[in-house]
Amino acid sequence: MEEHVKTIVVVPDGMSDRPILELDGKTPWQAARTPNWDRLAATGEVGIVLTVPEGMYPGSDVANMSLMGIDPREHPTGRGPLEAAALGIHLGPTDLAFRCSLISTDGERILDHSAGNIPDAHSQPLMQLIAEKLGTRSLRFHPGIGYRHVLVWEDGPLDLHTEPPHDHVGEPFRPILPQGDGDQVLRRLIDDSINLLMDHPINRQRLEEGMMPGNMIWPWGQSRAPLLPNFDLTWGVSGAVVAAVDLIKGLGALQGMTVANVPGATGYVNTDYAAKARAALELLETHDFVYIHIEAPDEAGHHKDFPEKIYAIEQIDEKVVGTLLDGLRGERFRMLIVPDHATPVELGTHAPGPVPYLLFDSLAREPNIIPFDERALEEKVPYVPEGHQLIKKLVSPT
1229 MEEHVKTIVV VPDGMSDRPI LELDGKTPWQ AARTPNWDRL AATGEVGIVL TVPEGMYPGS
1289 DVANMSLMGI DPREHPTGRG PLEAAALGIH LGPTDLAFRC SLISTDGERI LDHSAGNIPD
1349 AHSQPLMQLI AEKLGTRSLR FHPGIGYRHV LVWEDGPLDL HTEPPHDHVG EPFRPILPQG
1409 DGDQVLRRLI DDSINLLMDH PINRQRLEEG MMPGNMIWPW GQSRAPLLPN FDLTWGVSGA
1469 VVAAVDLIKG LGALQGMTVA NVPGATGYVN TDYAAKARAA LELLETHDFV YIHIEAPDEA
1529 GHHKDFPEKI YAIEQIDEKV VGTLLDGLRG ERFRMLIVPD HATPVELGTH APGPVPYLLF
1589 DSLAREPNII PFDERALEEK VPYVPEGHQL IKKLVSPT
């Protein structure tokens, strides 16, 4: 890559969507006011990219791995070990790491995959109790952030199937309990967690105040630790990551990237958007490449809340992209803005298929009339069928 070119990737997680009747057939992205990236799109390249290979689950682990330049087919992994890496948890060669979500149930159905966006102040004591009462030498619980935690099973079995809870909100959970080798161990943990947490004072308080309780754990996304290529050596640039969620932090850490801890970054719609941009600008003083991930649109999609999703998108345009552009004024830079996957409000979960991207070069001045939103999917635009190749347009343009 040329010297002195600052490169930025902005990933509004799950931003891509489908038309909504209440928005007169527009998507939340199309309904949102996005003057900053609309301006960039006027002289940028708008294209589409398939971030998740055909046949793979459209999860954020696979999609973000692709956007970071890694072929997920060559480095298959679940999100568990990625989140473990972000927490500094060392995994042995036979350890099996799970995302352990703290979720809401009425004893029969999954009511909310995030326990009502439970804050750390409530989730930490609940998960500490789980760790103390249900943890053993071979089953270790590690509290994380919000509803996202980690379970490590020493010598855990690989022949085991688990389901993401956000795919089954409103459904009975018994039919989707873990299945396969060792499933009874996880089923017992799930049942025991309900007995421990259902009447906990924190959950009684949350219910009294009209909030969802964090009254069941749900292990999923399990895998052994992957060996990922070093980012700096692969691309010849020094890389850094700005994110709230451990999944993205872990992906960065396992590639040897600098991982920022940003006060006020929550992984929810109430995150401090501008703080993330300021952290990125600070990192660009010493790094060539910064990957900025914002979870908020995905969370809004999972909650089927299109006004919240519109708000999140507008905040990203104003406070992330806008702050970056102010800080980069007069600098030579390239910026890629791309959702990792779609999280349609009507579905409440991830959907497969390509997503639009915007690639802007501060020196490029070719006019573009293709809008940077889902309408690009119907246009004749550049198409990147292998998501892990998109980064080449940013760091190694022809």
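Quick note on the working numbering: the sequence shown kicks off at 1229 and runs consecutively.
We put the beta carbon where it would ideally sit given N, CA and C, even for glycine.
The three-state secondary structure of Y1375, taken from DSSP, is coil.
Taking the Cα positions, T1577 is about 12 Å away from D1533. Cα atoms of Q1617 and V1280: separation of roughly 12 Å, rounded to the nearest angstrom. By the C-beta density criterion, E1250 is exposed, having fewer than 16 other C-beta atoms within 10 angstroms. Exposed is the label assigned to A1592, since fewer than 16 other Cβ atoms lie within 10 Å of its Cβ.
Of all alpha-carbon atoms in L1509, P1321, G1253, the one lying nearest the alpha-carbon of P1385 is that of P1321. Considered as a whole, the segment 1442 to 1518 harbours 1459 to 1463, 1474 to 1482, 1501 to 1511 as its complete alpha helix (DSSP H) runs of no fewer than 4 residues, in chain order. Taking C-alpha positions only, P1457 is separated from M1440 by approximately 40 Å. About 7 Å separates the beta carbons of V1380 and A1312, which is inside the 8 Å limit, making them a contact pair. In this structure, the straight-line span from the alpha carbon of G1275 to that of R1506 is close to 27 Å. Closest by C-alpha distance to E1574, out of V1233, S1244, I1248, D1241, is I1248. When secondary structure is reduced to three states using DSSP, M1284 falls in the coil class, being assigned neither helix nor strand.
For F1534, the three-state secondary structure derived from DSSP is helix. For a cut-off of 8 Å, the C-beta gap from G1442 to A1349 is around 11 Å, too long to register as a contact.
Three or more beta-carbon pairs separated by less than 8 Å link the segment 1331 to 1339 to the segment 1398 to 1413, which places the two stretches in contact. With respect to the 7 Å criterion, V1487 and A1524 are not classified as neighbours on the basis of their beta carbons. Assigned with DSSP and collapsed to three states, D1589 falls in strand. Under DSSP, L1367 takes part in a beta bridge, and its partners are W1381. Here K1547 is buried. Its C-beta has 16 or more other C-beta atoms within 10 Å. For C1328, the closest C-alpha among the options E1391, L1512, G1410, V1609 is that of E1391.
Here Y1611 is exposed. Its C-beta has fewer than 16 other C-beta atoms within 10 Å. Pairwise C-beta distances place the segment 1457 to 1475 in contact with the segment 1290 to 1300, as three or more of them are shorter than 8 Å.
The residues P1595, N1596, in chain order, have a CB closer than 8 Å to that of A1270 in the same chain once the five nearest residues on each side in sequence are set aside.
DSSP, read as helix, strand or coil, puts D1340 in strand.
Shown here, R1327 sits in a strand according to DSSP, grouped into three states. With respect to Q1450, G1308 sits close: the two C-beta atoms are nearer than 7 Å. A straight-line Cα-Cα distance of about 24 Å links R1365 and G1478. Taken atom to atom, the span from the alpha-carbon of D1589 to that of R1562 is near 4 Å. In this structure, A1453 keeps its C-beta atom at 7 Å or more from the C-beta atom of L1310. If you look at K1620, you'll find it in the alpha helix (DSSP H) that goes 1618 to 1623. In terms of CA proximity to T1235, L1587 leads the group I1476, L1405, D1411, L1587. Straight across, the Cα-Cα distance linking R1557 with A1468 is about 21 Å. For L1575, there is no enclosing alpha helix (DSSP H), as DSSP marks it with neither H nor E.
Here the alpha carbon of E1527 sits roughly 12 Å from the alpha carbon of S1288. Of the residues assessed, Q1356 falls on the exposed side of the cut-off, its CB having fewer than 16 other CB atoms within 10 angstroms.
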